[in-house]
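Data first, discussion second: the structure below is written as structure tokens.
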Amino acid sequence: MTISVAPFISGFALSAALIMAIGAQNLFVLRQGLKGEHVGAIVLFFGLSDALLIAAGVSGVGAILSAIPKLATILTTGGALFLAWYGITALRRVTAVNALSVTATAGGLSLGRVMLTGAAFTFLNPHVYLDTVLLMGTAASTHPSVSRPVFALGAVTASFVWFATLGYGARLLQPVFTRPFAWRFLDAVVGIVMLGLSASLLIRAFNG
263 MTISVAPFIS
273 GFALSAALIM
283 AIGAQNLFVL
293 RQGLKGEHVG
303 AIVLFFGLSD
313 ALLIAAGVSG
323 VGAILSAIPK
333 LATILTTGGA
343 LFLAWYGITA
353 LRRVTAVNAL
363 SVTATAGGLS
373 LGRVMLTGAA
383 FTFLNPHVYL
393 DTVLLMGTAA
403 STHPSVSRPV
413 FALGAVTASF
423 VWFATLGYGA
433 RLLQPVFTRP
443 FAWRFLDAVV
453 GIVMLGLSAS
463 LLIRAFNG
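Quick note: the sequence shown uses the working numbering, first residue 263, plus one each step.
Dropping the structure here:
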């Protein structure tokens, strides 16, 4: 029996389209890449997390999640609070006296703290469940059951490729980030995006 490559391409393309938008995960990976802190670990963690969520979506877990509205509200509120805290922290760095340097990463986040932060960005983000679990599950259901693992493999591949490219490709921008203004600008963007996402999640949570 021959399995078409079309489901792989379909999964890869959909995953890439969803994951490449500016968001909390991508900004976190970019910042870690620029600092050169635990890049491999965070790329692996985000890739494996996406693989888990994609597998859940393809196996039909999305239908279960959509049937529990209170769970969605809890996740949305928790995610909004976390994003607000991270956004405020980023904006406070904008006014810090000592700017970050890509050549001096001493005193940075420990591996454990980076993993915890990455886990919060992943599992406290309702968009992850809407996009990765529900949407991926719906898209996979349009393929024959024998082709769904191939679809999932394509989606997971796109996730790993993107996070690796973003995390390790960030070093190409390191010469720009030798200037304090560049770090302050990045932190300002991060802060504004995080607070914007937080506000949109709270509005969604309380407006149903």
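Even glycine gets a Cβ: it sits at the ideal position worked out from N, Cα and C.
From a predicted model like this one, the values you see are computed outputs, not experimental measurements.
_Taking its Cβ as the centre, do 16 or more other Cβ atoms sit within 10 Å of T338, making it buried, or is it exposed?_
In the sequence shown, counting from the first residue as 1, residue 338 sits at position 76. The residue is buried, with at least 16 neighbouring Cβ atoms inside 10 Å.
*Say whether the segment 275-292 touches the segment 383-395, bearing in mind that this needs 3 or more beta-carbon pairs closer than 8 Å, one atom from each stretch.*
Output reads yes: the segment 383-395 touches the segment 275-292.
_Quick check on the DSSP output: the alpha helix (DSSP H) that includes M489 runs from which residue to which?_
This structure does not reach residue 489, given that the chain is present from 263 up to 470, and the question cannot be answered.
*asked:* Can you tell me where the alpha helix (DSSP H) holding D312 begins and where it ends?
replied: As a position in the sequence shown, residue 312 is number 50, starting the count at 1. Per DSSP, D312 belongs to the alpha helix (DSSP H) from 301-320.
_Within 8 Å, do at least three Cβ pairs link the segment 297-311 to the segment 374-385?_
The answer is yes - the segment 297-311 touches the segment 374-385, with three or more Cβ pairs under 8 Å.
_Anticipated Cβ contact below 8 Å, T335 with A467, distance rounded_ = Counting from one through the sequence shown, the residue named residue 335 turns up at place 73. Counting from one through the sequence shown, the residue named residue 467 turns up at place 205. Rounded to whole angstroms, the Cβ separation of T335 and A467 is 6 Å, and the two are in contact under 8 Å.
*asked:* Assuming A286 is part of the alpha helix (DSSP H), what are its boundary residues?
replied: In the sequence shown, residue 286 corresponds to position 24, counting from 1. Taken as a continuous stretch (DSSP letters only), the alpha helix (DSSP H) holding A286 covers 286-297.
*Decide yes or no for the touch test of the segment 396-411 against the segment 291-302: beta carbon pairs closer than 8 Å, at least 3 of them.*
They do not touch, by the three-pair rule.
_Can you list, in chain order, the residues of its chain with a C-beta nearer than 8 Å to that of S272? Leave out the 5 residues immediately preceding and following it._
Taking the sequence shown and counting its residues from 1, the one referred to as residue 272 is at position 10. The answer, listed in chain order, is A401, H405, F413, G416.
*Say whether the segment 423-431 touches the segment 337-357, bearing in mind that this needs 3 or more beta-carbon pairs closer than 8 Å, one atom from each stretch.*
These segments do not touch.
_Short of 7 Å in beta carbon distance, which residues of its chain neighbour I316, apart from the five on each side in sequence? Order them along the chain._
Walking along the sequence shown from the start, residue 316 turns up at place 54. Hits under 7 Å: T394, M398, A414, A417, V418.
*How long is the line joining the alpha carbons of D449 and G285, rounded to whole angstroms?*
As a working mapping, residue 449 is identified with position 187 in the sequence shown. As a working mapping, residue 285 is identified with position 23 in the sequence shown. Cα to Cα, the separation comes out at about 14 Å.
*My guess is that L289 and V455 are in contact by the Cβ rule of under 8 Å, so how many angstroms apart are they, rounded?*
For the purposes of this step, residue 289 is identified with residue 27 of the sequence shown, where counting begins at 1. For the purposes of this step, residue 455 is identified with residue 193 of the sequence shown, where counting begins at 1. The Cβ separation is near 6 Å, so the contact holds.
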